[in-house]
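Asker: Going by our numbering, the sequence shown opens with residue 1, and the numbers climb by one from there.
Here it is, the structure in full.
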Amino acid sequence: MPTQNSATNTSLKVCVKLIAVFVTFPAVLLAGIISKGAIFFMTSQIGREMTQLASGDSQQHLKVIACWLWALFFSFAVPELLVFIHSLHICFSRRKLWKRPRFVQFVIVFGLETGQTVGMALLVGSVLPYLSVTHGVLITNCVYLAPAILNLLNREPDKLIMRLMDALSFVAQLSGCLHWIFIRHSLNKSQMINWTLPVSLILISFGWWENHVNGDAPISFIRYFGRIKEEMKETRPFAFVIISAWKIVLFFATIFTAVELALVAQEAHDGVFDSFLIVIRGGFNQFWNSFMSVEWTSPFYIFVIQATSSFLFYWFGNFACQIGVKSTCFALPVVLITPVIMTIASHFEIAKIFDGYFNAKIENQQSFVYLLALSFFWFLSQTWITLHIWSPAEISNELVSDTKWYNSLLIDQSMSFSPTRHHDKVKESSFTSVFAVATMWRETSDEMLIILKSIFRMDKDQSSRHLARYCNNKVIDPHCYHYETHIFFDDAFESYSKDGTTSRVVNHFVNQLIELMDKMNCKWTSTCDSKPPVISVTPYGGRLEWNLPGNTKMTIHLKDKCKIRVKKRWSQVMYIDYLIRYEIIGNHSDLENTFLLTLDGDMDFRPKAVHILVDVMNSQRDVGIACNRSHPTGSAGPMVWYQMYEYAVGFWLLKPSESVLGNILCAAGCFSLIRATVLLDGDVMSKFAERSEKAHHFIQRDQGEDRWLCTLLMKRGYRLAYSASSYAYTRCPETFTEFYNQRRRWTLSIISNTLDLLWNCRQTVKLHPNISWIYMIFQSLSLAMGLLCPGSIFLVLVNTSATTFFIDKWISFIVHSALIFGFIIICFVAPSRIQLRVAKCLSAFYGLIVAAVLIDSVISLALAGIDLHGNKMSFSLNNAFFLFLTSCVFLAGCLHPREIHCLLAGPIYLLLTPSMSMLLVLYSVINMNVVSWGTRDASETIGVQSPNKDTKLDSQQSNKGLTYFQEVFGPAMDKTKSDEKASSDYTASINWSLEAESHLPEQRNVKELPGEECSFWRELIQSKLFPFVENRQEEKDRISADLDRLRNFSFAIFFLLNSLFVATIFGCQMKSEGLESSEADTFSQSNELTSSILIWLSEANPAQWIVMFFAGWMLFVQFAALLSFRLDNLIRMLSSTSLNIFKTESLEKSNAATLSNQVVLLSYGTTKEDSTRNQRGDLCQMNPN
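Structure follows, in structure tokens:
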């Protein structure tokens, strides 16, 4: 039952979020304790060595001190280095995301950051080493003096209690800076410079000003700093390229200078700076040599522990904020870190364990009492000043993108200011409009029925949401849209002769669609008394309009190729201009919240898939197009199974890697959501609507119109997003011929559009904020590997055939070369039908070879590494790469539990790999001069005949329907206005039976098209969509010759590249095999492990190593991107799950949820009934695909 599935999914998501909470809370707390404890471990070691300078070898003690100072320096430098790399990456690859700051503002920020860096160096270098751990932990609560002052000055005058609390917190922080007066008598004057403690605390507080200023402050200079903070959102990358590098250098100089001055002050060093430089160098050598130490307390390992725990604290804290458990798993652990470390450091038994490492004694009992009294107020003031970390409304991903990362020396204090508070007002979005646009052309009845079911599901979903909103105006449903469906039917008319008169009537595909609409209406309304469509004669053909049961409008636009251009690209131009420029702009709709849902004529989807894409578009305003995960469906068979695996691996690895690196390369037109504003770009639409004149235009524009539109948008700087949580189902080719013809178009379109993007890479990187040179390198390598894939498969076949069938490699090479050359010749001279037959035969032959190789490998592994010929198998480089490849694919499948069954089709994919990766590419390149689609072409010769048995219409009913549309559209085709008599005679019925036709005179459903709309269509057709005039023979010959020349040139380049690749690899391989016999004696003299390694390395030649390196690097990048992408999907799913375990459901509370621009909530503001509407549930949010 749908309700049970939805309840199960909700419970499962709640369980997952509970697990995340129980893991995140201890992880944040433990990582913070370890990070801060490691810092005090380092400073206590410095303090212990300082107390022993006079008792022994002072030079050795100085080196130990310098060694621990190096550990502190590297701990400080790690996050700053990350900031430097991150900022440098943005500056070089995301140029539109940053700008240069004004000089005055840069100087101010530079000065504040410099002050904080000096304060940090003074604190850890000349203050904490002289204090006990307990005392040191307490004074870290006193680094908020500047934020306390800003809070006091920034508070509204009428909030007296708040101002009083601000004043008390300021006094408490000031006492922390001056408390050294009370404990001065307990310390030797020579042990600490008296001014170091207050100066370091004050300087550190300067760096945390951003959270306490805003542009609406009552004081002018605070407003000025508020404007600086707002501009820092764009200027931070450029500024921190300089500032982060400067901070690393400054910290290094300051901390060693401070220690030098402290040693001079206590007369433990002669003050000669040159000699101390030698000590510094010796300390670095000792720090590096500690790497070889087996003790975990060595400086190097303490640094590694501290740096790792700091990063984990930052990462888990960021994760807690993003999934909506900020108060529980971030704020609470941050507050608890100080009390926990205090308890550990001050407890007698625990302190005894750390004796010799921690200087945890308190020399004066009276000073201890003073510290405990003051520490209570310090802790309360810190909690008050950082109270913003408890606010759930401040959840944001800006921890990484907009603010500083973290300071590992004071990890809990720095993270308290990382979730920067922005005082922007939340803007309510306008009502969302979604126009579903589908293109059809000779779909079967099954395919039509599939998309009609999806349309009726959307109609029911929107009807329920509008009804809930009407009944309760407090309901805030982000998934309640203005929704319409438009179907653009290509070549919907045909010539019909009767009584010597020829007219244009709709073909049987339209009749088929209308009958299915009647059946769907009867099914969803439980009555067959459904209203017929409203028929309108249009300048492009005709139009049928229905009001669906849920009161959403569905319009079918019937295109006549004699009046308007046909094929999918021109249908896209047609609906973009009509919906955007006439319907949307004409009705003054909000373009920013208006979307076009592009569909193919066979899509099967649920309303949830649309809702998720709308959430993505609303939460990420820079996204121009968002696409989803498409699942291929069809009758069970090898071709369908192959495509299941192929689609799965592509969406598992390729799409996430493109998305993480910057931008997906193509949003498939079968199911994508397009923002209306991007379609108003004149440069994009003018090029998209251009007529193909040159040979490569036919390849790039007409063979893959979806990819062509995406390429134009990318070159203009628009972002294309991919949502794995949204999924839909599409019919895939079920026969070998249909698949080859479809992939011929796709292969050429991918190559041409990728080359176009790379050719304009400089312009694209400059305009597109999310595309970098790294992305361009990735796409270049992907294209190169795709072009060289036939040569790689050829070499694999040659080598595996020689090994499996025990033949010489040269013989294997000659045989396979003859087969490939024969196939190439046939593709050049034979018709497509013969080419496909030969491809089938070769596919079967190569499938048998792959099967034999697999059987040989399995048996040899079962026989402990002995192959069928009695030879001992070695683990070669090819085997290692294949194992790495299969492991990545298997792990990718495990990360998609709902789709892991696709791995079962892996053997079929492997058997068909030679055919699809070698023969298909050759077939595509050689047939580049063929620009027909190749699919559904068999239907072109149907003409006027009775529909097939799927339509369930007998010949008499079909002829009646044709006669009826002849009457409606035939006489009225040449005029846009019918007289009243014609209107009364020619009315429509979607149920063309004899009984229904007897009532035709009683119906009135022919609607005259408004004159304004007629003028719009005439102008559009005249300017962009006028049907192509039959080309003269000279023009046809020119285009055909250009296509032939393009084919010949492209094939020559393609064949040359693969020939050179095969010759290089195979030649190096044969040469290396010649050296194996001479090296065998050398290997035999080594031990078994060394011998196996040397043999393994010798089997691969340098060319093979290079190819494997790049292929392995590409696979590693894709898998790492997949992990990042899945983690992001997990965060989105957890952020949309509420843990109201002990609370009753409240619709108003759920609607009052505040969401970040970076966190997409996939369901909120809906009733329990709405959440269980989809029959397949929303498990996709749990395991996004």
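Ideal placement from N, C-alpha and C gives every residue a C-beta, glycine not left out.
Every value quoted in this text rests on a predicted model; they were computed, and no experiment measured them.
Tell me, please, which residues DSSP counts as bridged to R675.
Answerer: Beta-bridge pairing links R675 to F595.
Asker: Tell me, to the nearest whole angstrom, how far the beta carbon of W405 is from that of P79; I am working on the premise that it is less than 8 Å.
Answerer: Right, their Cβ atoms sit about 5 Å apart.
Asker: Smallest Cα separation from T439: which of V796, E705, G550?
Answerer: Closest by alpha carbon: E705.
Asker: Against chain B, does I389 count as a neighbour if the rule is that its beta carbon must be under 7 Å from one of theirs?
Answerer: Absent here is chain B; the protein component of the structure consists of one chain.
Asker: Just to confirm, is the Cβ distance from T24 to A320 under 7 Å?
Answerer: A contact, by the Cβ cut-off of 7 Å.
Asker: Buried or exposed for F173, going by 16 or more other Cβ atoms inside 10 Å?
Answerer: In the sequence under discussion, the amino acid at residue 173 is Gln, which differs from the Phe named in the question. The residue in question, Q173, is buried, as its Cβ has 16 or more Cβ neighbours within 10 Å.
Asker: What ranges does the beta strand (DSSP E) occupy inside the segment 612-691, keeping only unbroken runs of at least 3 residues that lie completely in it?
Answerer: Complete beta strand (DSSP E) runs here, min 3: 623-633, 671-675.
Asker: What is the DSSP secondary structure of W546, counted as helix, strand or coil?
Answerer: Correct three-state label for W546: strand.
Asker: Quick check on the burial criterion: 16 or more other C-beta atoms within 10 angstroms. Buried or exposed for Q1022?
Answerer: Looking at its Cβ environment, which holds fewer than 16 other Cβ atoms inside 10 Å, Q1022 is exposed.
Asker: Just how far apart, CA to CA, sit L145 and L201?
Answerer: Whole-angstrom Cα-Cα distance: 8 Å.
Asker: Return the chain-ordered list of same chain residues with a C-beta closer than 8 Å to the C-beta of K425, the five sequence neighbours on each side being excluded.
Answerer: Confidence at K425 is low in this model, with a pLDDT of 43, below 50, so the placement of that residue should be treated as unreliable; the coordinate-derived value is given next. Closer than 8 Å at Cβ, skipping near neighbours: no residue.
Asker: What's the C-alpha gap between E899 and A648?
Answerer: So the alpha carbons of these two residues sit roughly 8 Å apart.
Asker: Run through the DSSP bridge pairs and tell me what Y496 is partnered with.
Answerer: In the DSSP output, where bridge partners are listed per residue, Y496 has S503.
Asker: Could you tell me the alpha carbon to alpha carbon distance between M120 and I771, rounded to whole angstroms?
Answerer: The straight-line gap from Cα to Cα measures roughly 37 Å.
Asker: Cutting at 6 Å between CB atoms, please list the residues of its own chain near D1042, excluding the five before and the five after it.
Answerer: Within the same chain, D1042 has close Cβ partners A695.
Asker: Looking at the structure shown, is I564 part of a helix, part of a strand, or coil, going by DSSP?
Answerer: In this structure, I564 counts as coil in the three-state DSSP scheme.
Asker: Compute the Euclidean distance between the alpha carbons of K1024 and A689, then round it to the nearest angstrom.
Answerer: About 7 Å.
Asker: Could you please give the first and the last residue of the uninterrupted beta strand (DSSP E) stretch that includes V325?
Answerer: Unbroken run through V325: none, as it is neither H nor E.
Asker: Exposed or buried, W441, counting other C-beta atoms within 10 Å across all chains shown (16 or more means buried)?
Answerer: With 16 or more Cβ atoms within 10 Å of its Cβ, W441 is classed as buried.
Asker: Ends of the beta strand (DSSP E) at H486?
Answerer: Taken as a continuous stretch (DSSP letters only), the beta strand (DSSP E) holding H486 covers 482-489.
Asker: Is the beta carbon of A492 less than 7 Å from the beta carbon of K553?
Answerer: The answer is no: Cβ separation not under 7 Å.
Asker: Nearest-angstrom Cα distance between I849 and A724?
Answerer: Rounded to whole angstroms, I849 to A724 spans 36 Å at the Cα level.
Asker: Given a cut-off of 7 Å on the beta-carbon distance, is the pair K99 and E234 in contact?
Answerer: The answer is yes: Cβ separation under 7 Å.
Asker: With a 10 Å radius around its C-beta and 16 neighbouring C-beta atoms as the bar for buried, classify H486 as buried or exposed.
Answerer: So H486 ends up on the buried side.
Asker: If we require 4 or more residues per run, which alpha helix (DSSP H) segments fall completely within the segment 94-154?
Answerer: Within the segment 94-154, the complete alpha helix (DSSP H) runs of at least 4 residues are 103-126, 133-139, 145-154.
Asker: In this structure, what does DSSP give as the bridge partners for H557?
Answerer: For H557, which the question treats as bridged, DSSP gives the partners F488, R543.
Asker: With M1133 as the anchor, note down where its alpha helix (DSSP H) starts and where it stops.
Answerer: That run of the alpha helix (DSSP H) goes 1102-1135.
Asker: Using the C-alpha atoms, what's the distance from F671 back to S630?
Answerer: Distance between the alpha carbons of S630 and F671 is about 8 Å.
Asker: Could you have a look at I535 and say whether DSSP puts it in helix, strand or coil?
Answerer: Strand, per DSSP.
Asker: Rounding to the nearest angstrom, what Cα-Cα distance links N359 and M162 in this structure?
Answerer: Bear in mind that a pLDDT of 45 at N359, under 50, signals an unreliable position, so the number given afterwards is only what the model happens to contain. If you take the alpha carbons of N359 and M162, they lie about 39 Å apart.
Asker: Going by CA-CA distance only, name the one from V109, H816, I674 that's closest to A802.
Answerer: Per the Cα distances, H816.
Asker: Is it the case that the Cβ atoms of Y241 and L81 are separated by a distance below 7 Å?
Answerer: Just to set this straight, residue 241 is Val in the shown sequence, not Tyr. No.
Asker: By the 10 Å Cβ neighbour count, where 16 or more other Cβ atoms means buried, how is D808 classified, buried or exposed?
Answerer: Classification for D808: exposed.
Asker: Sorted by chain position, which residues of the same chain lie with C-beta nearer than 6 Å to I19's C-beta, five sequence neighbours on each side aside?
Answerer: So the list is empty, once near-sequence residues are dropped.
Asker: Taking 8 Å as the cut-off, does the segment 1131-1141 touch the segment 890-905 (at least 3 CB pairs, one atom from each stretch)?
Answerer: Judged by Cβ distances under 8 Å, the segment 890-905 makes no contact with the segment 1131-1141, as fewer than three pairs qualify.
Asker: Check whether the Cβ atoms of G541 and K523 lie closer than 7 Å to each other.
Answerer: Not in contact: G541 and K523 (Cβ atoms no closer than 7 Å).
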